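S.K.: Provided herewith is a single structure, encoded as structure tokens, for subsequent inquiry.
Residue numbers (mature numbering (1 follows the signal peptide of the UniProt record, and there is no 0)): -21 to -1, 1 to 158.
Quick look at the structure:
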């Protein structure tokens, strides 16, 4: 009986200590703003700043990689909480149809072949207090820091290149007859 009473008191003491430590942990995290603060807060999609930055970024990308993308729609815009102004924008841009194929609209086969391709882009806009804003663009569908697509693997057989051999070399390479 003596052991049973001591076991119950020990069980109650441990249970109370666990509850108190959980309660203290919750209050300390709620009071600490650094732990609960998020790094990015979302911006509205209708904000004209983010749309203008995305349009400038498409022009910059077109100029840098010699492509023809046109801004289509904004997917997500986020602003950094910390002091230097940083905006991260995700948007969709599509390739423009070339004039050569837009004239042939009557030929359905040709117009389908030259359809638009849409890609996802990420823009980082950063502005330091004294200085010009820095805009960096990345195409999320393409390779890192290049304007070309990743080379897709093909299942085609490699072409066999036949070497042209001279008259004597040909005989040495492919001996015929008896030795």
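The beta-carbon is built from N, C-alpha and C at its ideal position, and this holds for glycine as well.
Predicted, not measured: the structure shown is a model, and the values here were computed from it.
1. If we ignore side chains and look at the alpha-carbon of each, how far apart do residue 95 and residue -1 end up?
2. Run through DSSP, which three-state label would residue 74 get?
3. When you compare only the Cα positions, how much space is there between residue 14 and residue -18?
4. So, residue 39 versus residue 113, is the Cβ gap smaller than 8 Å?
5. So for residue 121, helix, strand or coil by DSSP?
6. Pair every Cβ in the region -11 to -4 with every Cβ in the region 59 to 71, then say whether three or more of these pairs are closer than 8 Å.
7. Give the straight-line distance between the Cα atoms of residue 194 and residue 99, rounded to the nearest whole angstrom.
8. So, with DSSP's three-state summary, where would you put residue 22?
9. Going by C-alpha to C-alpha distance, which of 110, 119 and 111 sits closest to residue 102?
10. Is DSSP giving residue 105 helix, strand or coil here?
11. In whole angstroms, what is the alpha-carbon distance linking residue -14 and residue -20?
M.R.: Quick answer:
1. Residue 95 and residue -1: Cα-Cα distance of roughly 60 Å.
2. In the three-state scheme derived from DSSP, where H, G and I count as helix and E and B as strand, residue 74 is classed as strand.
3. Annotation note: pLDDT 46 at residue 14 (below 50); position unreliable, coordinate value reported separately. Distance between the alpha carbons of residue 14 and residue -18: 44 Å.
4. No, Cβ-Cβ distance for residue 39 and residue 113 is not below 8 Å.
5. Annotated three-state conformation of residue 121 is coil, per DSSP.
6. At 8 Å Cβ cutoff, the stretches do not touch.
7. Residue numbering for the chain in the displayed model covers -21 to 158; residue 194 lies beyond these limits and cannot be assessed.
8. If DSSP states are grouped into helix, strand and coil, residue 22 belongs with coil.
9. The candidate whose alpha carbon is nearest that of residue 102 is 119.
10. Strand.
11. Roughly 10 Å between the two C-alpha positions.
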